[in-house]
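To keep things clear, I will list the structure first and then write my remarks on it.
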Amino acid sequence: MIDPKLLRTSADEVASNLARRNFQFDGEGYANLDCRRKALQVEVENLRSERNASAKRIGKAKSQGEDIAPLLAAVEDLGAKLEDADKNLGILQSELRNIELGLPNLLHDDVPVGTNEDDNREILRWGEPRKFDFEPLDHVDIGVGLGTLDFDAAARISGSRFSVMQGSLARLQRALIQFMLDTHAGEHGYEEVYVPYLVQSEALFGTGQLPKFENDQFKTIDDPPFYLIPTAEVPVTNLVRDSIIEATELPMKFVAHTPCFRSEAGSYGRDTRGMIRQHQFEKVELVQMVEPANSNAALEELTGHAEVILQKLGLPYRKIILCSGDIGFGSHKTYDLEVWLPGQQAYREISSCSNYVDFQARRMQARWRNPETGKPELLHTLNGSGVAAGRALVAILENYQEADGSVTVPAALLPYMGGAEKLMRKT
RNA sequence: GGAGAGAUGGCUGAGUGGUCGAAAGCGGCGGUUUGCUAAACCGUUGUACAGUAUAAAGCUGUACCGAGGGUUCGAAUCCCUCUCUCUCCGCCA
37 MIDPKLLRTS
47 ADEVASNLAR
57 RNFQFDGEGY
67 ANLDCRRKAL
77 QVEVENLRSE
87 RNASAKRIGK
97 AKSQGEDIAP
107 LLAAVEDLGA
117 KLEDADKNLG
127 ILQSELRNIE
137 LGLPNLLHDD
147 VPVGTNEDDN
157 REILRWGEPR
167 KFDFEPLDHV
177 DIGVGLGTLD
187 FDAAARISGS
197 RFSVMQGSLA
207 RLQRALIQFM
217 LDTHAGEHGY
227 EEVYVPYLVQ
237 SEALFGTGQL
247 PKFENDQFKT
257 IDDPPFYLIP
267 TAEVPVTNLV
277 RDSIIEATEL
287 PMKFVAHTPC
297 FRSEAGSYGR
307 DTRGMIRQHQ
317 FEKVELVQMV
327 EPANSNAALE
337 ELTGHAEVIL
347 QKLGLPYRKI
357 ILCSGDIGFG
367 SHKTYDLEVW
377 LPGQQAYREI
387 SSCSNYVDFQ
397 ARRMQARWRN
407 PETGKPELLH
417 TLNGSGVAAG
427 RALVAILENY
437 QEADGSVTVP
447 AALLPYMGGA
457 EKLMRKT
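Count the first sequence with my numbering and you get residues 37 to 463, in order.
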């Protein structure tokens with residue numbers, strides 16, 4: 037959510053910033069609504085004030101044994117007037133709120149203007165894509181060839197966009213997750229947390245998936261429904277919902293491994309092969325809550341932490357900054373890390389690191405106490421994948437494949453693989 | 001799933017229809033005393049929105065006693081629904 041004060045006082049700047057996203061903000065319409073809201077609010081508060089005063093008068097008169105009938109007559113129609121005005125105020129307020137909840141975040145000046153992912157800007161490349169002396173396979177052929185990846189079984193159980201992993205490949209995923217958690221918790225100063233995978237709608241409103249992206253979520257038929265988390269960002273960021281954090285507690289840095297569930301509505305036909313785009317996948321997520329002054333630096337740091345994972349795994353990648361047409365709804369600035377996939381001869385997203393500034397904090401009323409002012413102020417939230425385990429698995433299979441169909445285990449994962457140095461065909 | 005108890009400010013806890021944003025204690029902050037610490041004493045102490053004024057501070061109003069609804073001129077207090085916590089029983093990884 038954008039600061040409503042800013043929407044009122046600087047509508048033009050807001051509109052031109054959001055126009056970079058190709059989003060039209062009707063500042064005049066908003067201002068008109070808000071004007072009416074203010075007038076009504078004043079009216080309602082005056083009526084209430086009047087009611088409170090006369091209630092007090094009646095109480096006093098009654099305790100002194102005076103006749104209260106004339107006083108009662110005087111406030112006869114007050115209740116109906118108040119109820120009516122209050123109802124209209126409620127309607128206006130929810131209209132305003134719907135507008136506010138539907139506005140994407142303001143963009144950082146660094147964000148390049150563009151219309152789609154083709155306009156994202158590359159910042160750096162790390163690692164040299166390996167030269168193969170044989171034709172490299174994609175992860176599906178490698179995994180199926182090893183007898184450790186079974187999409188037929190997955191389809192029988194759950195349909196498309198699911199996978200079944202067996203044996204060494206399942207173990208490799210577990211090793212990856214362990215390795216990532218250990219690195220972030222042990223070397224990067226994050227606190228490991230375990231969180232619910234089913235959340236209430238309020239949590240998704242807080243991080244910005246609702247109300248706009250209802251269709252992307254899985255939800256249960258309970259009343260009220262539970263939503264399956266699309267990312268650990270949702271439960272972890274909501275750890276600070278409705279709270280005031282002392283300055284000494286900041287920055288807060290959390291790392292969590294969770295499964296992620298996405299309906300992938302609207303992506304029919306994209307990445308239908310293999311494990312790239314699944315309804316369910318594992319991810320290690322980094323979340324930070326920081327003082328506003330530090331959030332830009334924190335984004336660089338957090339992105340660096342995700343990069344360390346790829347570097348330790350020896351996976352070539354590039355870092356890009358998302359353009360205004362591709363950046364997420366709530367993000368102020370986003371770096372994506374894209375890992376090299378020899379099977380696709382392409383860099384593919386494996387991590388997305390974003391600074392949300394106060395966008396999520398305002399929605400969830402997450403604040404800190406600024407020692408300079410002594411007042412509670414909104415804090416800044418950031419998150420990034422550190423990294424997506426499913427896609428990291430894909431990258432390892434493709435980058436570490438050998439001519440005989442086996443896959444070498446990256447050195448960083450050896451301590452987690454129980455002595456296995458290679459993934460070999462099951463005998 | 002069954003039975004019962006509860007939810008009040010940073011914390012403990014009083015408050016069963018009116019002057020209650022809410023006693024008291026603890027904690028926090030400021031001060032007095034003090035060689036330092038401690039103790040004692042005095043003062044102060046929530047959040048949000050709106051109005052008004054300003055260089056700032058402020059002042060005024062409204063809302064908030066788990067959430068939502070109801071009764072009433074008036075609700076922390078009465079009624080209804082829900083959520084959560086605790087205890088006991090049952091079931092269970």
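Glycine residues also receive a C-beta, built at the ideal position from the N, C-alpha and C atoms.
(request) Drop a sphere of 10 angstroms on the beta-carbon of C71, count the other beta-carbons inside from all chains shown, and report buried for 16 or more, exposed for fewer. (result) Here residue 71 refers to the residue found at position 35 when the first sequence is read from its first residue. It counts as exposed.
(message) For the alpha helix (DSSP H) containing G244, name the first residue and the last one.
(response) For the purposes of this step, residue 244 is taken as residue 208 along the first sequence, with counting starting at 1. Element bounds for G244: n/a, residue is neither H nor E.
(request) Starting from F187, follow the alpha helix (DSSP H) in both directions and report where the run begins and ends. (result) Here residue 187 corresponds to residue number 151 of the first sequence, with the count starting at 1. Looking at the DSSP string, the run of the alpha helix (DSSP H) that includes F187 is 187–194.
(message) Give me the residue from Y263, Q324, I213 with the minimum Cα distance to Q396.
(response) In the first sequence, residue 396 corresponds to position 360, counting from 1. That would be Q324, whose Cα lies nearest to the Cα of Q396.
(request) Look up K289 in the DSSP assignment and say whether it is helix, strand or coil. (result) Here residue 289 refers to the residue found at position 253 of the first sequence. DSSP places K289 in strand when its eight states are reduced to three.
(message) Tell me which residue opens and which closes the alpha helix (DSSP H) that R50 is part of.
(response) By 1-based counting over the first sequence, the position of residue 50 is 14. Note on residue identity: the sequence assigns Val, not Arg, to residue 50. Residues 47–55.
(request) Could you tell me which uninterrupted beta strand (DSSP E) segments, each at least 3 residues in length, are contained entirely in the region 256–337, listed from first to last along the chain? (result) 279–282, 288–297, 316–326
(message) Alpha carbons only, please: which of R56, G366, E327, E321 is nearest the one belonging to P407?
(response) Here the question's residue 407 lines up with position 371 in the first sequence. Considering only alpha carbons, the answer is E327.
(request) Inspect the beta-carbon positions of D307 and N152 and report whether they are closer than 8 Å. (result) The sequence position of residue 307 within the first sequence is 271, counting from 1. The sequence position of residue 152 within the first sequence is 116, counting from 1. No. Outside cutoff.
(request) Starting from S421, trace the beta strand (DSSP E) both ways and give me its first and last residue. (result) By 1-based counting over the first sequence, the position of residue 421 is 385. Where S421 is concerned, the enclosing beta strand (DSSP E) stretches over 416–424.
(request) With DSSP as the reference, label L351 as helix, strand or coil. (result) Stepping through the first sequence from its first residue, residue 351 is reached at position 315. Coil, per DSSP.
(request) May I ask which residues mark the beginning and end of the beta strand (DSSP E) holding G391? (result) Indexing the first sequence from 1 puts residue 391 at position 355. With the sequence shown as reference, residue 391 is identified as Asn, and Gly is not the correct amino acid for it. 382–391 is the extent of the beta strand (DSSP E) around N391.
(request) Return the chain-ordered list of same chain residues with a C-beta closer than 6 Å to the C-beta of Y452, the five sequence neighbours on each side being excluded. (result) As a working mapping, residue 452 is identified with position 416 in the first sequence. So the qualifying residues of the chain are A211, Q214, F215.
(message) Which same chain residues end up closer than 8 Å to I104 when comparing Cβ atoms and leaving out the 5 residues on each side of it in sequence?
(response) If you number the first sequence from 1, residue 104 lands on position 68. If we look at I104 and ignore the five residues flanking it on each side, its Cβ neighbours are I94, A97, K98.
(request) Return the residue from the list L185, D169, S196, L217 that minimises the CA-CA distance to Q202. (result) Counting from 1 along the first sequence, the entry for residue 202 is found at position 166. Out of L185, D169, S196, L217, L185 has the C-alpha closest to the C-alpha of Q202.
(message) Starting from I159, trace the beta strand (DSSP E) in both directions and tell me its first and last residue.
(response) Looking up residue 159 in the first sequence gives position 123. Counting along the chain, the beta strand (DSSP E) containing I159 begins and ends at 157–162.
(request) Going by DSSP, name the residue or residues bridged to R405. (result) Numbered from 1 along the first sequence, position 369 holds the residue referred to as residue 405. Answer by DSSP bridge pairing, in chain order: E282, P412.
(request) Kindly confirm or deny that the region 176–191 and the region 246–265 touch, where touching means at least three C-beta pairs closer than 8 Å. (result) no
(message) Can you confirm whether the region 408–427 touches the region 354–361 when touching is taken to mean that 3 or more C-beta pairs between the two stretches lie within less than 8 Å?
(response) no
(message) In this structure, how does DSSP classify Q437 when only helix, strand and coil are distinguished?
(response) The count along the first sequence starts at 1 and reaches residue 437 at position 401. In this structure, Q437 counts as strand in the three-state DSSP scheme.
(message) With a threshold of 8 Å on Cβ separation, who are the neighbours of L234 within its own chain once the five nearest residues in sequence on each side are excluded?
(response) Residue numbering aside, residue 234 sits at position 198 when the first sequence is read from its first letter. Only T256, F262, Y263, L264, I265 meet the Cβ criterion.
(message) On the criterion of 16 or more Cβ atoms from any shown chain inside 10 Å, does Q314 qualify as buried, or is it exposed?
(response) Stepping through the first sequence from its first residue, residue 314 is reached at position 278. The residue is buried, with at least 16 neighbouring Cβ atoms inside 10 Å.
(request) Work out the CA separation of V270 and Y383 for me, nearest whole Å. (result) Indexing the first sequence from 1 puts residue 383 at position 347. Indexing the first sequence from 1 puts residue 270 at position 234. Between Y383 and V270, the C-alpha separation is close to 27 Å.
(message) Taking only three categories from DSSP, how would you classify D113?
(response) Translated into the one-based positions of the first sequence, residue 113 becomes position 77. Reduced to three states, the DSSP call for D113 is coil.
(message) Please give me, in chain order, every unbroken run of the beta strand (DSSP E) with length at least 3 that falls completely inside the region 74–143.
(response) none
(request) Identify the continuous alpha helix (DSSP H) that holds E223 and give its terminal residues. (result) For the purposes of this step, residue 223 is identified with residue 187 of the first sequence, where counting begins at 1. Taken as a continuous stretch (DSSP letters only), the alpha helix (DSSP H) holding E223 covers 203–223.
(request) Report yes if the C-beta distance between L182 and G379 is below 8 Å; otherwise report no. (result) Counting from one through the first sequence, the residue named residue 182 turns up at place 146. Counting from one through the first sequence, the residue named residue 379 turns up at place 343. Not closer than 8 Å, so no.
(request) Please name the residue, chosen from V149, N68, D122, A424, that lies closest to I312 on a Cα-to-Cα basis. (result) Within the first sequence, the letter at position 276 stands for residue 312. Considering only alpha carbons, the answer is A424.
(message) Taking the alpha helix (DSSP H) that L180 belongs to, which residues open and close that run?
(response) Locating residue 180 in the first sequence gives position 144, counting from the first residue. The sequence given here has Val at residue 180, not Leu. 175–181 is the span of the alpha helix (DSSP H), which, as asked, contains V180.
(message) Run through the DSSP bridge pairs and tell me what E228 is partnered with.
(response) Numbered from its first residue, the first sequence carries residue 228 at position 192. E228 is bridged to V291.
(request) Compute the Euclidean distance between the alpha carbons of G366 and K458, then round it to the nearest angstrom. (result) Within the first sequence, numbered from 1, the residue matching residue 366 stands at position 330. Within the first sequence, numbered from 1, the residue matching residue 458 stands at position 422. Spanning the two alpha carbons is a distance of roughly 42 Å.
(request) Return helix, strand or coil for Y452, following the three-state DSSP convention. (result) Numbered from its first residue, the first sequence carries residue 452 at position 416. Helix, per DSSP.
(request) Mind reading off the beta-carbon distance from W404 to L286? Whole number of angstroms is fine, and I expect it under 8 Å. (result) Position 368 of the first sequence, counted from the start, is the residue given in the question as residue 404. Position 250 of the first sequence, counted from the start, is the residue given in the question as residue 286. Correct: roughly 6 Å between the Cβ atoms.
(message) Comparing C-alpha positions only, which one of R87, T284, P106 sits nearest to A116?
(response) Here residue 116 corresponds to residue number 80 of the first sequence, with the count starting at 1. For the residues R87, T284, P106, the minimum Cα distance to A116 belongs to R87.
(request) Would you please state the rounded distance, in angstroms, between the beta carbons of L217 and L429? I believe it to be under 8 Å. (result) Here residue 217 refers to the residue found at position 181 when the first sequence is read from its first residue. Here residue 429 refers to the residue found at position 393 when the first sequence is read from its first residue. That belief does not hold up - the Cβ atoms of L217 and L429 are roughly 15 Å apart, past 8 Å.
(message) Relative to the C-alpha of A329, which candidate in Q381, D394, W376, P172 has its C-alpha closest?
(response) Within the first sequence, numbered from 1, the residue matching residue 329 stands at position 293. Nearest of Q381, D394, W376, P172 to A329, Cα basis: D394.
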